[in-house]
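Working notes for the structure below.
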């Protein structure tokens with residue numbers, strides 16, 4: 001590409017003019033407002049240097065997709081990545097593009113600017129979406145633009161940068177007390193809903209996720225050693241609920257359980273027929289089952305989800321002196337994540353120790 005650089009005085013300052021040849025035609029970009037001194041001249045030259053880099057990067061872009069819109073590229077991205085993306089990721093991306101970034105759909109991918117993205121985010125804020133939801137949508141769309149840069153070479157920069165929105169404080173998860181756990185399990189048992197009871201028991205006494213509980217098969221349970229093995233989960237794949245790999249590589253684990261859990265599982269196994277796929281709980285949809293559990297908990301006076309029961313299990317491990325590495329292994333987390341989430345438990349224990357010391361001093 002041919003270039004001509006020129007700096008001239010204009011309106012009391014300096015103006016940088018960059019002429020360049022593209023498709024046999026001379027075009028021009030200019031910028032003024034630089035100070036009429038050596039510093040201003042240096043800044044003008046740097047601006048032209050940056051512009052030349054941008055133009056050369058632009059020349060290297062894949063021209064086959066120069067007229068592709070955001071919506072059209074989303075379709076290509078999904079087609080290329082669908083074997084590697086979970087149904088939940090596809091659902092989040094679909095919602096993001098169809099509802100929250102829909103104003104980008106008919107804009108050429110190469111023409112989308114950070115301000116276009118910012119306007120989409122502003123609308124999400126106006127709809128009172130919390131910051132974690134906005135962050136999730138932005139992350140998925142950021143990955144799409146990254147794909148357009150790295151794999152297709154359609155654009156050279158990612159327009160999702162310097163996006164501003166108010167970060168709402170995450171609501172702290174509540175760990176149930178020992179008496180609350182006892183009350184909850186007792187009330188659910190009285191309802192004679194054995195599936196809800198077993199699920200709640202496995203969540204609060206073994207720290208399992210809903211998908212992991214629904215993915216348990218009887219061969220995962222070792223009644224001799226009082227352990228259960230997590231090697232799969234029940235989740236959506238290609239639009240249908242089925243066995244899938246655990247959430248992360250750390251989710252593969254073996255968890256010890258108490259005699260209380262053992263006796264309840266044995267009773268459940270003896271009273272309910274084993275289904276053809278050997279699953280302990282024969283529920284088709286993880287999502288609807290989770291919603292049913294939340295309604296059941298509210299019915300018996302607890303405004304929680306299964307996640308709070310898993311959080312209670314983790315809190316009990318740490319508060320009873322278990323080290324973070326072992327706790328992380330049982331939870332299916334990495335150690336850093338566990339320390340970040342539950343370090344406050346040790347702080348609470350230290351605070352309680354101070355109170356006791358003051359009382360006995």
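Residue numbers (the UniProt record's numbering): 1 to 361.
Every residue, glycine too, gets a C-beta built ideally from N, C-alpha and C.
Predicted model, so just to flag it, every value in this text is computed and none were measured.
For residue 207 versus residue 313, is the C-beta spacing smaller than 7 angstroms?
yes
Say whether the stretch 264-276 touches the stretch 147-157, bearing in mind that this needs 3 or more beta-carbon pairs closer than 8 angstroms, one atom from each stretch.
no
State the Cα-Cα distance for the pair residue 261 and residue 211, rounded to the nearest angstrom.
19 angstroms
Quick check: what's the CA-CA separation for residue 259 versus residue 160?
52 angstroms
Alpha-carbon spacing of residue 357 relative to residue 201, whole angstroms:
Any answer about residue 357 is weak, because its pLDDT of 49 lies below 50 and its placement is not dependable; what the coordinates show is given next. C-alpha separation (whole angstroms): 36 angstroms.
Can you tell which of 42, 142, 103 and 54 has the C-alpha that lies nearest to the C-alpha of residue 71?
103
By how many angstroms is the C-alpha of residue 146 removed from the C-alpha of residue 93?
14 angstroms
Comparing C-alpha positions only, which one of 141, 105, 101 and 111 sits nearest to residue 125?
101
Proximity winner among 311, 186, 279 and 247, relative to residue 218 (alpha-carbon distances)
279
Through-space distance from residue 142 to residue 226, alpha-carbon basis
45 angstroms
Should residue 46 be labelled buried (16 or more other beta-carbon atoms within 10 Å of its own) or exposed?
exposed
Pick from 95, 107, 67 and 127: whose alpha carbon is nearest that of residue 137?
95
If I'm right that residue 36 touches residue 14 with Cβ under 8 angstroms, what's the distance once you round it to whole angstroms?
6 angstroms
Under the three-state reduction of DSSP, which class applies to residue 203: helix, strand or coil?
helix
Determine the contact status of residue 2 and residue 21, defining contact as a CB-CB distance below 7 angstroms.
yes
Which term fits residue 361, buried or exposed, when burial requires 16 or more other beta carbons within 10 angstroms of its beta carbon?
In this prediction, residue 361 scores a pLDDT of 44, lower than 50, which makes its location untrustworthy; the coordinate-derived value is nonetheless stated afterwards. When all chains shown are included, residue 361 counts as exposed.
Expressed to the nearest angstrom, what Euclidean distance is found between the alpha-carbon atoms of residue 291 and residue 316?
25 angstroms
Reduced DSSP secondary structure (H/G/I, E/B, other) of residue 77:
helix
Proximity below 7 angstroms, CB of residue 297 to CB of residue 318:
no
DSSP on residue 173, reduced to helix/strand/coil?
coil
Out of curiosity, what's the CA-to-CA distance linking residue 111 and residue 128?
28 angstroms
Is residue 7 helix, strand or coil by DSSP?
strand
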